[in-house]
Amino acid sequence: MRNLKLIISYDGTDFQGWQTQPGFRTVQETIQKHLEKITNQKITLYASGRTDTGVHAIAQVANFRVDSILSESKILLGLNALLPEDISISEITEVPYDFHSVKDAKKKHYRYVIRQSGIWDPLTRKFCHLVKQELDHVKMHKAAQQLLGTHDFRCFESEWPNRTNSIRTIYRASINRMGPWIWFNIEGNGFLYNMVRSIAGTLIEIGRGHWPEDKIIELIELKERKYAGPTAPAKGLFLVRVSYEDLTP
-8 MRNLKLIISY DGTDFQGWQT QPGFRTVQET IQKHLEKITN QKITLYASGR
42 TDTGVHAIAQ VANFRVDSIL SESKILLGLN ALLPEDISIS EITEVPYDFH
92 SVKDAKKKHY RYVIRQSGIW DPLTRKFCHL VKQELDHVKM HKAAQQLLGT
142 HDFRCFESEW PNRTNSIRTI YRASINRMGP WIWFNIEGNG FLYNMVRSIA
192 GTLIEIGRGH WPEDKIIELI ELKERKYAGP TAPAKGLFLV RVSYEDLTP
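Heads up: the sequence shown runs through residues -8 to 240, numbered per the working numbering.
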């Protein structure tokens, strides 16, 4: 029995998220059914995180165990030949049998993309959140620095009954602007349900001048989702990278 790791990119627009749901098109179900065709075995695919409906991935990490003599290169070639054009596998490698893409993940990097413009760009409209009002990206960046460190982030979590705790550590948070584009990058040891999109929505409100740049501190102390900004649309969110190396002190 071998344990194989996949690096996956996908356009989440037409998927009902990652996790298999009967009657819906999902990323997990789409990849699994084609892996089963190639290997002639029942496959269970585990991903580093279950992205929601409409969320994209640049480098999602998943793994599955299989008893097959097919080489990684042959599985990769066959899988990409069968997959639809909104999913691509860039890499398949054998990893230790006890590797688990969820349990062994050390850091995750997400990016939220905002376009500042009065009109849609038809070529990028599915991959960004259009905000017509001018945003103060410098103020947004200063506000984002208040996220750094270990905090109880329940103020940015949508209701999720299976949560065990809402304490997470954020290692990096930044706002960068290039032309009409504003990128919100955030890296942490894990994220709550809708946390990144809730933070993005809050930073947009700060950028609009509706709240001061120290609003994040207040929200973390309040621990109530209703006081934070709206959940930003899913189409602007990308899972960029998942890290598995040990964290340095």
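All C-beta atoms in this analysis are idealised placements derived from N, C-alpha and C, irrespective of residue type, glycine included.
**Prompt:** Can you name the start and end residues of the alpha helix (DSSP H) that residue 132 belongs to?
**Reply:** For the purposes of this step, residue 132 is taken as residue 141 along the sequence shown, with counting starting at 1. 128 to 135 is the span of the alpha helix (DSSP H), which, as asked, contains residue 132.
**Asked** When you compare only the Cα positions, how much space is there between residue -5 and residue 165?
**Response** For this step, residue -5 is matched to residue 4 along the sequence shown. For this step, residue 165 is matched to residue 174 along the sequence shown. Rounded to the nearest angstrom, the two C-alpha atoms are 33 Å apart.
**For residue 178, the first and last residue of its enclosing beta strand (DSSP E)** = The sequence position of residue 178 within the sequence shown is 187, counting from 1. Per DSSP, the unbroken beta strand (DSSP E) holding residue 178 starts and ends at 172 to 179.
**Prompt:** Which residues in the same chain have their Cβ closer than 8 Å to the Cβ of residue 162, if we skip the five residues on either side of it in sequence?
**Reply:** Residue 162 sits at position 171 when you count from the first residue of the sequence shown. 98, 139, 178, 179, 180.
**Prompt:** Exposed or buried, what is residue 186 when buried is set at 16 or more other beta-carbons lying within 10 Å of its beta-carbon?
**Reply:** Counting from 1 along the sequence shown, the entry for residue 186 is found at position 195. So residue 186 ends up on the buried side.
**Request:** Taking 9 Å as the cut-off, decide whether the C-beta atoms of residue 149 and residue 44 are in contact.
**Result:** Within the sequence shown, numbered from 1, the residue matching residue 149 stands at position 158. Within the sequence shown, numbered from 1, the residue matching residue 44 stands at position 53. Taking C-beta atoms as the reference points, residue 149 and residue 44 fail to come closer than 9 Å.
**Prompt:** Any idea what DSSP makes of residue 226, helix, strand or coil?
**Reply:** For the purposes of this step, residue 226 is taken as residue 235 along the sequence shown, with counting starting at 1. If DSSP states are grouped into helix, strand and coil, residue 226 belongs with the helices.
**Prompt:** Where does residue 235 sit, in a helix, a strand or coil, going by DSSP?
**Reply:** Working through the sequence shown from its first residue, we reach residue 235 at position 244. It is coil, neither helix nor strand.
**Item:** Alpha carbon of residue 239 to alpha carbon of residue 197, nearest angstrom
**Value:** Along the sequence shown, read from residue 1 onward, the residue named residue 239 stands at position 248. Along the sequence shown, read from residue 1 onward, the residue named residue 197 stands at position 206. Legend: pLDDT at residue 239 = 32, less than 50; position of this residue unreliable, value from coordinates given subsequently. When rounded, the separation of the alpha-carbon atoms in residue 239 and residue 197 is 33 Å.
**Asked** Which partner residues does residue 216 have in the DSSP bridge list?
**Response** Reading the sequence shown from its first residue, position 225 is the one you call residue 216. When DSSP reads this structure, residue 216 sits in no beta bridge, so it has no partner.
**Asked** Does the beta-carbon distance from residue 92 to residue 38 come in below 9 Å?
**Response** Indexing the sequence shown from 1 puts residue 92 at position 101. Indexing the sequence shown from 1 puts residue 38 at position 47. Result yes, Cβ atoms of residue 92 and residue 38 sit closer than 9 Å.
**Delimiting residues of the alpha helix (DSSP H) encompassing residue 25** = Taking the sequence shown and counting its residues from 1, one reaches residue 25 at position 34. 18 to 30 is the extent of the alpha helix (DSSP H) around residue 25.
**Message:** Which residue wins for smallest C-alpha separation from residue 204, given the options 126, 65, 108, 50?
**Reply:** Position 213 of the sequence shown holds residue 204. If we check each option's Cα against that of residue 204, 126 comes out closest.
**Message:** Can you give me the C-alpha to C-alpha distance between residue 114 and residue 50, rounded to a whole angstrom?
**Reply:** Taking the first residue of the sequence shown as 1, we reach residue 114 at position 123. Taking the first residue of the sequence shown as 1, we reach residue 50 at position 59. Going from the Cα of residue 114 to the Cα of residue 50 covers about 21 Å.
**Message:** Distance check for residue 31 and residue 72, CA to CA, integer angstroms please.
**Reply:** Stepping through the sequence shown from its first residue, residue 72 is reached at position 81. Stepping through the sequence shown from its first residue, residue 31 is reached at position 40. Their Cα atoms are separated by approximately 16 Å.
**Which of helix, strand or coil DSSP assigns to residue 78** = In the sequence shown, counting from the first residue as 1, residue 78 sits at position 87. Three-state result, residue 78: strand.
**Asked** Does the count of Cβ pairs from the segment 59 to 67 and the segment 9 to 22 closer than 8 Å reach three?
**Response** Pairwise C-beta distances place the segment 59 to 67 out of contact with the segment 9 to 22, as fewer than three of them are shorter than 8 Å.
**Asked** Which partner residues of residue 57 appear in the DSSP bridge assignment?
**Response** Sequence index remark: in the sequence shown, residue 57 carries index 66 (1-based). According to DSSP, residue 57 bridges with -7.
**Request:** Below 6 Å CB to CB, which residues in the same chain sit around residue 176 once its five sequence neighbours on both sides are set aside?
**Result:** On the sequence shown, residue 176 is found 185 positions in, with the first residue counted as 1. So the list reads 102, 165, once near-sequence residues are dropped.
**Request:** Go to residue 191, then tell me how far its alpha helix (DSSP H) extends in each direction, as first and last residue.
**Result:** On the sequence shown, residue 191 is found 200 positions in, with the first residue counted as 1. It spans 186 to 198 - the alpha helix (DSSP H) in which residue 191 sits, taken as one unbroken run.
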